[in-house]
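Chemist: One structure, pasted below without further comment.
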Amino acid sequence: MSFPLQRAGRAVFAGSLITAGLATAANAQNIGYGVTANGTLFRFNPASTATATTIGNLGILPEAIDFRPGTATLYAIDVGPVTTQLYTVNTGTGFITPVGAGFPTTVVGAGAYDLSGAQTFGFDFNPRTLQGDGSVRIRLVSSGTDANLRLNSNTGLVAAVDTALNPGSPFVDASAYTNSGQSTAGGATSLFGLDSIIDDLVLQNLPNDGTITSVGSFGVSIDANPNTAFDILSTNVADDTIADELAFAAFTRTATSGGAYLLYDVNLTTGETTNGRLVGGGLEFTGGLAVIPEPSTLAALGLVGMMSLKRRRRAQ
4 MSFPLQRAGR
14 AVFAGSLITA
24 GLATAANAQN
34 IGYGVTANGT
44 LFRFNPASTA
54 TATTIGNLGI
64 LPEAIDFRPG
74 TATLYAIDVG
84 PVTTQLYTVN
94 TGTGFITPVG
104 AGFPTTVVGA
114 GAYDLSGAQT
124 FGFDFNPRTL
134 QGDGSVRIRL
144 VSSGTDANLR
154 LNSNTGLVAA
164 VDTALNPGSP
174 FVDASAYTNS
184 GQSTAGGATS
194 LFGLDSIIDD
204 LVLQNLPNDG
214 TITSVGSFGV
224 SIDANPNTAF
234 DILSTNVADD
244 TIADELAFAA
254 FTRTATSGGA
264 YLLYDVNLTT
274 GETTNGRLVG
284 GGLEFTGGLA
294 VIPEPSTLAA
304 LGLVGMMSLK
314 RRRRAQ
């Protein structure tokens, strides 16, 4: 009779230790990655951006980058005139590997969409779409043409063409999901985006429906011509609490001399951007931004995810 209680106690104790470790994630040395206009991948600490480490050239200029939730595998999307290609990126060398053969940039007729006329793109893994084959769905949206797609992370192909962004013609040019510490089959998550025309943080709810609503103003004016970049780092896989999310945006301001990119902290409740700072003395994020927990926190997030999955299975 006492053994199950002891086992439960150990589980609670272990969970408490992990949770305590995750509570420090906001102060940990999380790792940010960016890609410059010439396709060079670099690494930096979002909490201390004076220096950055150049890694290598990708050989392409991606539209955006993102990590698969709960892993250190970086993905990039390259939208070409005819074919759009998904890649994985070696974060130690910058070497890229294509995922599949790519898919058409424009489709007419049934399942129509158009990426060719877009200026910028939102690209982010949906952490709550783990499939039976191990793939996860990736959201790809376009500014100007309002495409709203789901991609298959295993094949690199379009998994679904969803309702175009609405109402009107919103200019969503960067996207990020919350609660992205681990991939699961179902659960809560929210899809945020940057609209550099109205200078607002926006919410795409429901993502498949493409409906865009404003959260609030950035508090600064963005230069909409260069690419903007956006990512959300989740510090707790257990829920979808905004307080557990660290959001970052990189863009140039109309008031910034020389068009330098600044990295900002983003308040997901109000939309306000604060603490603008240069990265590596002035590196830019034309090819995207992605942030990942430092290795020990990433491992803890994975363990919490497995424990949560086991609890759900036992409850079924």
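Heads up, the sequence shown is in the working numbering, so the first residue is 4 and it goes up one at a time.
A virtual CB, placed ideally from N, CA and C, is assigned to each residue, including glycine.
On a predicted model such as this, the values are computed, not experimentally measured, just so you know.
(1) Would you kindly report the start and end of the unbroken beta strand (DSSP E) that includes Asp69?
(2) What residue range is occupied by the uninterrupted beta strand (DSSP E) comprising Val282?
(3) Residues in its own chain within less than 6 angstroms of Arg153 by CB, not counting five upstream and five downstream?
(4) Enumerate in chain order the residues of its own chain whose CB-to-CB distance from Thr108 is below 7 angstroms, with the five nearest sequence positions on each side excluded.
(5) If you check the beta carbons only, do Gly171 and Gly219 fall under 7 angstroms apart?
(6) How many angstroms separate the CA atom of Val175 from the CA atom of Ala150?
(7) Determine, for Thr272, whether the minimum Cβ-Cβ distance to residues of chain D falls below 7 angstroms.
(8) Under 8 angstroms Cβ to Cβ from Glu248, same chain only, skipping five residues before and after it: list those, please.
(9) Under the rule that 16 or more other beta-carbon atoms within 10 Å means buried, what is Val111, buried or exposed?
(10) Near Ala55, what residues of its chain come up, given a Cβ to Cβ distance below 7 angstroms and the 5 sequence neighbours on each side ignored?
(11) On a Cα-Cα basis, can you pick out the residue from Phe70, Gly37, Thr52 that is closest to Leu64?
(12) Can you tell me which residues form a DSSP beta bridge with Gly196?
(13) Ordered along the chain, which non-local residues of its own chain (more than five positions away) have a Cβ less than 8 angstroms from that of Glu297?
(14) If you reduce the DSSP assignment to three classes, tell me which class Asp165 lands in.
(15) Could you check the C-alpha separation between Leu206 and Gly196 for me, to the nearest Å?
(16) Who are the Cβ neighbours of Ser156 in its own chain at under 8 angstroms, not counting the five residues just before and after it?
(17) Using DSSP with H/G/I as helix, E/B as strand and the rest coil, what is Gly262?
Modeler: Here's the rundown:
(1) Within the sequence shown, the letter at position 66 stands for residue 69. Residue range 67-70 is occupied by the beta strand (DSSP E) that includes Asp69.
(2) For the purposes of this step, residue 282 is taken as residue 279 along the sequence shown, with counting starting at 1. Per DSSP, Val282 belongs to no beta strand (DSSP E) and is neither H nor E.
(3) As a working note, residue 153 is residue 150 in the sequence shown. Here Arg153 has Arg140, Ala162, Ala163 as same chain residues with Cβ atoms under 6 angstroms from its own Cβ, once five neighbours each way along the sequence are excluded.
(4) In the sequence shown, counting from the first residue as 1, residue 108 sits at position 105. Result list for Thr108: Val82, Gly83, Pro84, Val85, Thr86, Thr87, Leu118, Ser119, in chain order.
(5) Counting from one through the sequence shown, the residue named residue 171 turns up at place 168. Counting from one through the sequence shown, the residue named residue 219 turns up at place 216. In this structure, Gly171 keeps its C-beta atom at 7 angstroms or more from the C-beta atom of Gly219.
(6) Within the sequence shown, residue 175 is the residue found at index 172, counting from 1. Within the sequence shown, residue 150 is the residue found at index 147, counting from 1. Here the alpha carbons of Ala150 and Val175 stand approximately 10 angstroms from one another.
(7) Here there is only one protein chain, and chain D is not present.
(8) In the sequence shown, counting from the first residue as 1, residue 248 sits at position 245. Here Glu248 has Thr181, Asn182, Ile235, Leu236, Ser237, Thr238, Leu271 as same chain residues with Cβ atoms under 8 angstroms from its own Cβ, once five neighbours each way along the sequence are excluded.
(9) As a position in the sequence shown, residue 111 is number 108, starting the count at 1. Val111 comes out exposed.
(10) To locate residue 55, count along the sequence shown from 1; it is residue 52. The answer, listed in chain order, is Phe45, Arg46, Phe47, Val282, Gly283, Leu286.
(11) Along the sequence shown, read from residue 1 onward, the residue named residue 64 stands at position 61. Of the candidates Phe70, Gly37, Thr52, the one whose C-alpha sits nearest the C-alpha of Leu64 is Gly37.
(12) Looking up residue 196 in the sequence shown gives position 193. The secondary-structure analysis by DSSP pairs Gly196 across a beta bridge with Ser178, Val205.
(13) For the purposes of this step, residue 297 is taken as residue 294 along the sequence shown, with counting starting at 1. Contacts found: Ala31, Gln32, Asn33, Ile34.
(14) Numbered from its first residue, the sequence shown carries residue 165 at position 162. Coil.
(15) Within the sequence shown, residue 206 is the residue found at index 203, counting from 1. Within the sequence shown, residue 196 is the residue found at index 193, counting from 1. So the two alpha carbons sit approximately 6 angstroms from each other.
(16) Along the sequence shown, one-based indexing puts residue 156 at 153. So the list reads Arg71, Tyr78, Leu89, Val102, Phe128, Ser138, Val139, Arg140, Ile141, once near-sequence residues are dropped.
(17) Your numbering for residue 262 matches position 259 in the sequence shown. Correct three-state label for Gly262: helix.
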